[in-house]
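Engineer: Structure incoming, see below.
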Amino acid sequence: MKRILVTGGAGFIGSHLCKRLLNEGNMVICLDNLFSSSKDKIIPFLDNPYFEFVRHDVTFPYFAEVDEIYNLACPASPVNYQYDAIQTIKTSVMGAINMLGLAKRVDAKILQASTSEVYGDPEIHPQTEEYWGHVNPIGIRSCYDEGKRCAESLFINYHQQNSVKIKIIRIFNTYGPNMELNDGRVVSNFIIQALKNEDITIYGNGLQSRSFQYVDDLIEAMIRMMKTGDDFTGPVNVGNPIEFTMLELAKIVLELTGSKSKIVNLPLPTDDPTQRQPNIELAKRELNNWEPTVQLKEGLQKTIEYFDQTLKK
Ligand code: UDP
Numbered sequence: 006m007k008r009i010l011v012t013g014g015a016g017f018i019g020s021h022l023c024k025r026l027l028n029e030g031n032m033v034i035c036l037d038n039l040f041s042s043s044k045d046k047i048i049p050f051l052d053n054p055y056f057e058f059v060r061h062d063v064t065f066p067y068f069a070e071v072d073e074i075y076n077l078a079c080p081a082s083p084v085n086y087q088y089d090a091i092q093t094i095k096t097s098v099m100g101a102i103n104m105l106g107l108a109k110r111v112d113a114k115i116l117q118a119s120t121s122e123v124y125g126d127p128e129i130h131p132q133t134e135e136y137w138g139h140v141n142p143i144g145i146r147s148c149y150d151e152g153k154r155c156a157e158s159l160f161i162n163y164h165q166q167n168s169v170k171i172k173i174i175r176i177f178n179t180y181g182p183n184m185e186l187n188d189g190r191v192v193s194n195f196i197i198q199a200l201k202n203e204d205i206t207i208y209g210n211g212l213q214s215r216s217f218q219y220v221d222d223l224i225e226a227m228i229r230m231m232k233t234g235d236d237f238t239g240p241v242n243v244g245n246p247i248e249f250t251m252l253e254l255a256k257i258v259l260e261l262t263g264s265k266s267k268i269v270n271l272p273l274p275t276d277d278p279t280q281r282q283p284n285i286e287l288a289k290r291e292l293n294n295w296e297p298t299v300q301l302k303e304g305l306q307k308t309i310e311y312f313d314q315t316l317k318k
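Right under this line is the structure:
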């Protein structure tokens with residue numbers, strides 16, 4: 006039985022990861038300060054003797070004897086990470102330092118949940134891992150983008166200087182059940198608006214694009230990444246390369262929900278990336294032929310069911 010620490014374990018992705026790790030017979034410590042998450046999502050695990058919830062902020066050191074660490078802790082939706090920009094950058098940077106220190110001390114393998122945001126508003130398309138990115142270091146997204154870039158640097162340096170066994174994945178837009186109602190990201194916003202027959206808020210003209218990955222595909226990639234040999238550190242892109250404009254997404258959500266909502270256009274936030282699509286050749290090669298298996302309509306259907314149930318509670 007492995008002892009596994011998941012920082013941000015009560016979050017959207019963390020809760021799915023904890024569930025999968027428990028189902029595979031591991032002992033899981035879920036560390037979370039519940040800033041952008043809630044205990045609701047981990048309630049189903051609280052009576053499992055192999056699950057432990059610790060309310061803790063990763064900007065402060067934490068110690069536990071563990072074999073593996075998944076470092077997910079950080080608010081990830083633009084609304085949440087811009088709410089307290091200083092805390093966001095501290096969470097990425099000091100969280101990485103504290104968790105890498107722990108990994109070094111107990112000789113644990115550590116995986117960093119990095120992000121496609123390290124590419125900023127990309128000038129090459131699709132993005133490969135070799136691309137260095139195009140990030141505004143003083144813009145409103147920089148607390149998140151630069152925090153995550155600095156964390157990648159820390160991971161690589163702990164690996165090179167201290168032989169810490171690291172793994173870095175760059176997660177592209179991910180959606181699915183367990184997103185918070187007030188998350189603020191596009192998929193949850195559109196679905197909730199459609200279910201309530203409220204206006205669908207497209208920022209800008211809606212021609213900006215994203216590639217949406219269903220959460221189960223991401224979890225599979227994370228588990229496979231942790232199992233790769235010690236010489237493979239990444240970074241590796243993990244996402245679904247099929248790209249949609251926000252206008253297309255809005256129309257699909259309207260079709261699937263049968264909603265009477267109207268589409269309205271609101272101002273585009275500054276530094277909003279124009280397009281984003283992962284090149285996933287490296288993931289396919291190194292993660293045992295991993296590729297996304299859930300396509301947008303199927304994943305949205307499951308997410309709509311989740312929000313429909315949640316709104317009725
Ligand atoms: N967006 C939108 N309406 C919303 C929320 C987001 O049109 O209610 C747009 C946003 O401007 C961006 C895209 O959807 O172009 C994806 O935004 P999200 O916050 O989900 O994630 P990002 O990829 O920007 O971090």
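Under the numbering used here, the residues of the sequence shown are numbered 6 to 318, in order. C-beta: ideal position from N, C-alpha, C; glycine also. Bear in mind that the values here come from a model prediction, so they are computed numbers and not experimental data.
#1: Does DSSP put Y311 in a helix, in a strand, or in coil?
#2: Is it buried or exposed for Q306, if we count other Cβ within 10 angstroms and need 16 for buried?
#3: So for L159, helix, strand or coil by DSSP?
#4: Should F58 be labelled buried (16 or more other beta-carbon atoms within 10 Å of its own) or exposed?
#5: Here's the rule: buried if 16 or more other CB atoms are within 10 angstroms of the residue's CB, otherwise exposed. What is S264?
#6: Please determine whether the Cβ atom of I207 lies at a distance below 7 Å from any heavy atom of the ligand UDP.
#7: Is D277 close to the ligand UDP? I mean its beta-carbon at under 7 Å from any heavy atom of the ligand.
#8: If I follow the unbroken alpha helix (DSSP H) through E253, where does it start and stop?
#9: Indicate, with yes or no, if the ligand UDP has a heavy atom lying under 7 Å from the CB of L301.
#10: Comparing the CB of Q213 with every heavy atom of the ligand UDP, is any distance shorter than 7 Å?
#11: Using a Cβ-based criterion (distance less than 7 Å to any ligand heavy atom), does S41 qualify as near the ligand UDP?
#12: Among residues of its own chain, excluding the 5 on either side of R8, which ones have a beta-carbon nearer than 6 Å to its beta-carbon?
#13: Check for me: the beta strand (DSSP E) holding F58 runs from which residue to which?
#14: Are T238 and K172 closer than 8 Å when you measure CB to CB?
#15: Check whether the Cβ of S82 sits closer than 7 Å to any heavy atom of the ligand UDP, and report yes or no.
#16: In the structure shown, what three-state DSSP assignment does N194 receive?
#17: Is the distance from the Cβ of E135 to the Cβ of I94 below 8 Å?
#18: According to the neighbour-count rule (16 or more other Cβ atoms, all chains shown, within 10 Å of its Cβ), is F17 buried or exposed?
#19: What ranges does the beta strand (DSSP E) occupy inside the region 53 to 126, keeping only unbroken runs of at least 3 residues that lie completely in it?
#20: Give every residue of the same chain whose Cβ lies closer than 8 Å to the Cβ of Q316, excluding the five residues on either side of it in the sequence, and list them in chain order.
#21: Would you say T96 and V63 are within 8 Å of each other, going by their C-beta atoms?
#22: Does V11 come out as helix, strand or coil in the three-state DSSP assignment?
Structural biologist: Looking at the atomic coordinates:
#1: For the purposes of this step, residue 311 is taken as the residue at position 306 of the sequence shown. The answer is helix: DSSP assigns Y311 an H, G or I state.
#2: On the sequence shown, residue 306 is found 301 positions in, with the first residue counted as 1. Q306 is classed as exposed because its beta carbon has fewer than 16 other beta carbons within 10 Å across all chains shown.
#3: For the purposes of this step, residue 159 is identified with residue 154 of the sequence shown, where counting begins at 1. Three-state DSSP puts L159 in a helix.
#4: As a first step, residue 58 must be located in the sequence shown, where it is residue number 53. That one is buried.
#5: Start at 1 with the first residue of the sequence shown, and residue 264 comes out as number 259. With 16 or more other Cβ atoms within 10 Å, it is buried.
#6: Mapped onto the sequence shown, residue 207 falls at position 202. Flag set: Cβ of I207 near the ligand UDP.
#7: Within the sequence shown, the letter at position 272 stands for residue 277. Within the cutoff, so yes.
#8: By one-based count along the sequence shown, residue 253 stands at place 248. Here the alpha helix (DSSP H) through E253 covers 251 to 262.
#9: Here residue 301 is taken as the residue at index 296 of the sequence shown, counted from 1. Every heavy atom of the ligand UDP is 7 Å or more from the Cβ of L301, so no.
#10: Here residue 213 is taken as the residue at index 208 of the sequence shown, counted from 1. Yes - the ligand UDP has a heavy atom lying nearer than 7 Å to the Cβ of Q213.
#11: Taking the first residue of the sequence shown as position 1, residue 41 is located at position 36. Of the heavy atoms belonging to the ligand UDP, none sits nearer than 7 Å to the Cβ of S41.
#12: Walking along the sequence shown from the start, residue 8 turns up at place 3. Sequence-distant Cβ neighbours of R8 in its own chain, meaning closer than 6 Å and more than five residues away, are M32, V71, D72.
#13: Within the sequence shown, residue 58 is the residue found at index 53, counting from 1. The continuous beta strand (DSSP E) containing F58 extends over residues 56 to 60.
#14: As a position in the sequence shown, residue 238 is number 233, starting the count at 1. As a position in the sequence shown, residue 172 is number 167, starting the count at 1. Yes, these two residues count as a Cβ contact at 8 Å.
#15: As a position in the sequence shown, residue 82 is number 77, starting the count at 1. Placement of the Cβ of S82 at a distance of less than 7 Å from at least one heavy atom of the ligand UDP is found.
#16: Along the sequence shown, read from residue 1 onward, the residue named residue 194 stands at position 189. In this structure, DSSP gives N194 a helical state, which the three-state scheme calls helix.
#17: Indexing the sequence shown from 1 puts residue 135 at position 130. Indexing the sequence shown from 1 puts residue 94 at position 89. Taking 8 Å as the Cβ cut-off, E135 and I94 do not qualify as a contacting pair.
#18: The residue you call residue 17 lines up with position 12 of the sequence shown. The residue in question, F17, is buried, as its Cβ has 16 or more Cβ neighbours within 10 Å.
#19: List check, beta strand (DSSP E) in window: 56 to 60, 73 to 76, 114 to 120.
#20: The residue you call residue 316 lines up with position 311 of the sequence shown. The sequence shown places Leu at residue 316, not Gln. Answer for L316: L186, I197, L200, K201, listed in chain order.
#21: The count along the sequence shown starts at 1 and reaches residue 96 at position 91. The count along the sequence shown starts at 1 and reaches residue 63 at position 58. Taking 8 Å as the Cβ cut-off, T96 and V63 qualify as a contacting pair.
#22: On the sequence shown, residue 11 is found 6 positions in, with the first residue counted as 1. Of the three classes helix, strand and coil, the one that applies to V11 here is strand, per DSSP.
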